[in-house]
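**Student:**
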Amino acid sequence: MVPHLITALTGPINELEQRILESMPAIERWFRLEWMEHTPPFYCSVDLRNAGFKLAPVDTNLFPGGFNNLAEPLLPLAVQAAMAAVEKFCPEAKNLLLVPELHTRNSFYLANVSTLMRIFRQAGLHVRLGSLDPELKEPKTVTLPDGQSLVLEPMMRKRGRLVLKDFDPCTILLNNDLSAGTPAVLKNLDQQILLPPLHAGWTQRRKSVHFAAYDELAKRFGKLLGMDPWLVNPLFGRCGDVDFQAGTGLACVQAQADAVLTKIRRKYKDYGIQDKPFVIVKADNGTYGMGIMTVRDPKELEALSRRTKNKMAVVKEGQVVTDVLIQEGVPTHERVQDAVAEPVVYMMDRYVVGGFYRVHADRALDENLNAPGAHFVPLAFAESAHLARPGVAPGASTPNRFYMYGVVARLALLAASYELEQTDPERESADAVVA
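Note that my numbering has the sequence shown beginning at -1, numbered continuously upward.
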C-alpha cells in the first residue's frame, strides 16, 4: 500500500529529499568508509517521524520485534543480510541459539520469533529457541494462530558455554532487551558470540547516549550535504534523579522542556513553520512505548495527574524511571487510510531489509504511536524493490521516499554503533590497562 502523503510536494522535506538523492554517491561512499571503521549492530529498527519540514529518528531499537510485519517479498533481503551479518561474527557458524522475550502469550511477538527463525534457517543455519525462564525444565511447545508451532527449550551452562540438549551454538542472538536485568546464565561465555552485546540491553543502555552520538553524526552529515543538520536531528535534553511518584526532580524536567521548546520555536521562526512546538518526555531507558508523555507547555509539569505520574513512574518489567529524555516532538504528517502513521525501518548488519508503517487511528500527529491500538502496514510499495530515481520530481516517487527513510535510519544505525563502542565495558577496562 502506498500511503497518502499529505505533505506539500514543494515543501522543505522535498528539498531535503532532492539534496539526499543528488548526493547519493557521496552519501553511500561516506557510509562505506564509516563501516570500514565501525561495526554495525547485528540488527536494528528505527522509528522515524516525517513532519513535512524535517525527517528524524525518534527511537532506535537494538532488539527489534516486528519482523512478522515486513512485506513477504522483501524477506530475501533479510536472508542475504543475515548471511553477511553471521559471516562477520562467526564465519563457520552452523548453529544459532535465539533467545526471545518471556511473554509467550503474545501471539504477535511469537510471529516475529517465527519469522526470525525462517530468515536464519534460509541463511543456512540450524536455529533453536532457548528460554530465560528459570522455571522451564523441559521443552515447551507453543502453537501460533496460523497453526505453526515453536519449541522453547531450557538453557544450561556446560564448560563455560551456553547450550541446549545436543546443541552447542557458535552464535547466540538475543531478541530479549534485558529490561528485567542481565541473567547470570548469559555472562562470561567461553568463545561464543553473544549478539547484541549485554551492554546493549536496557539495564545499561540510555537513549540520551544514543542521541548524543546521533547529534554528532547529524552535524557531520549536514556538513557533507551542505544543509542544516536540524532537518534530520531531534533536539533533546536529559534529567536524572527524577521521581514522578514523589514529584522530585521535576524542576529539571520543566527547565529542560522550556529550553528545548525555546530552541524549537527559534527553528520554526527561521523556517516559517506555523506548527505549535511540543516535546516528548520519555524514560531514558526502556521500550514498548511505556513511560512517555507529550508536553506542549512546561507549566503542564507542575500539576501532573496521579494517572500520569503512575504512567511515567515505571516502564517494562517494573523498572523505576529515574532518568528521562526530553526530546523535540516531531509531528507526523503521514497518513494511511486517514490514520496517523510513522515509518519504522528495519536493518540487519548495515543493510536496510524492509519496514512498515505504524498506524494509530486514535492518536494525533503530535502523540506517541507506539501504544495499544496501533496496527502495522508493511512498506510493500509496488515499486519498493526498485532503485531510487534521482531525476524524478521531489515527493513524486515512492522509492525516492523509501531511500530517504533508509538514509536517516542508517544514520541512527551508525549512531548505535558509536554508542555501543563508547559504552563497551571491555573497551573501558582496556583503556584503564593502557593508562
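Each residue gets a CB set at the ideal place from its N, CA and C atoms; glycine is no exception.
Have a look at Ser106 and Arg264 and give me their C-alpha separation to the nearest angstrom.
**Tutor:** One-based indexing of the sequence shown puts residue 106 at position 108. One-based indexing of the sequence shown puts residue 264 at position 266. Inspection of the sequence shows that residue 106 is occupied by Phe rather than by Ser. Each residue's Cα considered, the two are about 42 Å apart.
**Student:** Hey, could you find the ends of the beta strand (DSSP E) Glu332 is sitting in?
**Tutor:** Here the question's residue 332 lines up with position 334 in the sequence shown. Start and end: 332 to 334.
**Student:** Which runs of the beta strand (DSSP E) at least 3 residues long sit entirely within the region 272 to 346? Give them in chain order.
**Tutor:** Entirely contained in the region 272 to 346, the beta strand (DSSP E) runs reaching 3 residues are, in chain order, 277 to 281, 290 to 293, 322 to 326, 332 to 334, 337 to 346.
**Student:** If I measure Cβ to Cβ from Pro98 and keep anything under 7 Å in the same chain, skipping five residues before and after, which residues do I get?
**Tutor:** Numbered from 1 along the sequence shown, position 100 holds the residue referred to as residue 98. So the list reads Val111, Leu127, Asn173, Asn174, once near-sequence residues are dropped.
**Student:** Who are the near neighbours of Pro376 in its chain, counting only those whose CB is closer than 7 Å to its CB and skipping five residues on each side?
**Tutor:** As a working note, residue 376 is residue 378 in the sequence shown. The residues are Asn67, Leu68, Ala69, Phe354.
**Student:** Out of Pro23, Glu340, Gln325, state which residue places its alpha-carbon closest to the alpha-carbon of Glu332.
**Tutor:** Numbered from 1 along the sequence shown, position 334 holds the residue referred to as residue 332. Cα-wise, what sits closest to Glu332 is Glu340.
**Student:** Roughly how many angstroms lie between the CA atoms of His2 and Val334, to the nearest whole one?
**Tutor:** Counting from 1 along the sequence shown, the entry for residue 2 is found at position 4. Counting from 1 along the sequence shown, the entry for residue 334 is found at position 336. Model confidence at His2 stands at a pLDDT of 44, short of 50, so the residue's coordinates are unreliable and nothing is read from them.
**Student:** So Pro194 packs on Leu95, CB below 8 Å; how close in whole Å?
**Tutor:** Counting from 1 along the sequence shown, the entry for residue 194 is found at position 196. Counting from 1 along the sequence shown, the entry for residue 95 is found at position 97. Actually they are not in contact, since the Cβ atoms of Pro194 and Leu95 sit about 14 Å apart, beyond 8 Å.
**Student:** For the structure I just gave you, are there three or more beta carbon pairs, one from the region 43 to 53 and one from the region 225 to 244, closer than 8 Å?
**Tutor:** Touching, yes.
**Student:** Short of 7 Å in beta carbon distance, which residues of its chain neighbour Arg294, apart from the five on each side in sequence? Order them along the chain.
**Tutor:** Translated into positions along the sequence shown, residue 294 becomes position 296. Closer than 7 Å at the Cβ level, and outside the excluded window around Arg294, lie Lys274, Phe276.
**Student:** Relative to the C-alpha of Thr292, which candidate in Thr246, Leu192, Val279, Val161 has its C-alpha closest?
**Tutor:** Taking the sequence shown and counting its residues from 1, one reaches residue 292 at position 294. Of Thr246, Leu192, Val279, Val161, the residue nearest in Cα terms is Val279.
**Student:** Ala253 lies in the alpha helix (DSSP H); which residues open and close that run?
**Tutor:** Translated into positions along the sequence shown, residue 253 becomes position 255. Segment 248 to 269, the alpha helix (DSSP H) holding Ala253.
**Student:** For Arg116, name the three-state secondary structure that DSSP assigns.
**Tutor:** Counted from its first residue, the sequence shown places residue 116 at position 118. Looking at Arg116 - three-state DSSP - the assignment turns out to be helix.
**Student:** Please confirm if Tyr212 has its CB atom under 8 Å from at least one CB of chain B.
**Tutor:** This model lacks chain B altogether; it includes just one protein chain.
**Student:** Compare the C-alpha of Glu326 against each of Leu184, Ala257, Glu35, Asp422 and name the closest.
**Tutor:** Taking the sequence shown and counting its residues from 1, the one referred to as residue 326 is at position 328. When only C-alpha atoms are compared, the closest one is Ala257.
**Student:** Hey, how far is the Cα of Ile18 from the Cα of Trp28?
**Tutor:** For the purposes of this step, residue 18 is taken as the residue at position 20 of the sequence shown. For the purposes of this step, residue 28 is taken as the residue at position 30 of the sequence shown. Rounded to whole angstroms, Ile18 to Trp28 spans 13 Å at the Cα level.
**Student:** Quick one: grab the DSSP three-state call for Ser43.
**Tutor:** Stepping through the sequence shown from its first residue, residue 43 is reached at position 45. Looking at Ser43 - three-state DSSP - the assignment turns out to be strand.
**Student:** Tell me the rounded alpha-carbon separation between Lys267 and Gly64.
**Tutor:** Within the sequence shown, numbered from 1, the residue matching residue 267 stands at position 269. Within the sequence shown, numbered from 1, the residue matching residue 64 stands at position 66. One C-alpha to the other measures close to 38 Å.
**Student:** Name the residue from Ala281, Gly199, Leu215, Lys217 whose alpha carbon lies nearest to the alpha carbon of Cys237.
**Tutor:** What you label residue 237 is simply residue 239 of the sequence shown in a count that begins at 1. Closest by alpha carbon: Ala281.
**Student:** Using only alpha-carbon positions, find the residue among Ala24, Val44, Glu13, Glu35 that is nearest to Val406.
**Tutor:** Residue mapping note: residue 406 aligns to position 408 of the sequence shown, counting from 1. When each option's Cα is compared against that of Val406, the closest is Val44.
**Student:** Tell me which residue opens and which closes the beta strand (DSSP E) that Leu193 is part of.
**Tutor:** By 1-based counting over the sequence shown, the position of residue 193 is 195. Here the beta strand (DSSP E) through Leu193 covers 191 to 193.
**Student:** Can you give the Cα-Cα distance for Arg30 and Ala410, rounded to whole angstroms?
**Tutor:** Position 32 of the sequence shown holds residue 30. Position 412 of the sequence shown holds residue 410. Rounded to whole angstroms, Arg30 to Ala410 spans 15 Å at the Cα level.
**Student:** I'd like the list of long-range same chain contacts for Leu440, defined as Cβ closer than 8 Å, with 5 residues on each side in sequence excluded.
**Tutor:** Nothing can be reported for residue 440, as the shown portion of the chain is limited to -1 through 433.
**Student:** Return the Cβ separation of Ala211 and Glu417 in integer angstroms, given the expectation that the two are a contact with Cβ distance under 8 Å.
**Tutor:** Numbered from its first residue, the sequence shown carries residue 211 at position 213. Numbered from its first residue, the sequence shown carries residue 417 at position 419. Right, the Cβ-Cβ distance comes to about 5 Å (below 8 Å), so this counts as a contact.
**Student:** Just to confirm, is the Cβ distance from Val357 to Gly404 under 8 Å?
**Tutor:** In the sequence shown, residue 357 corresponds to position 359, counting from 1. In the sequence shown, residue 404 corresponds to position 406, counting from 1. Against a cut-off of 8 Å, the Cβ pair of Gly404 and Val357 comes out as no contact.
**Student:** Hey, is the region 211 to 226 in contact with the region 179 to 198, meaning 3+ C-beta pairs nearer than 8 Å?
**Tutor:** Too few Cβ pairs lie closer than 8 Å, so no.
**Student:** Would you identify the three-state DSSP class for Glu99, choosing helix, strand or coil?
**Tutor:** To locate residue 99, count along the sequence shown from 1; it is residue 101. Here Glu99 sits in coil by DSSP.
**Student:** Which one or two residues does DSSP pair with Thr139 in a beta bridge?
**Tutor:** Counted from its first residue, the sequence shown places residue 139 at position 141. Thr139 pairs with Val149.
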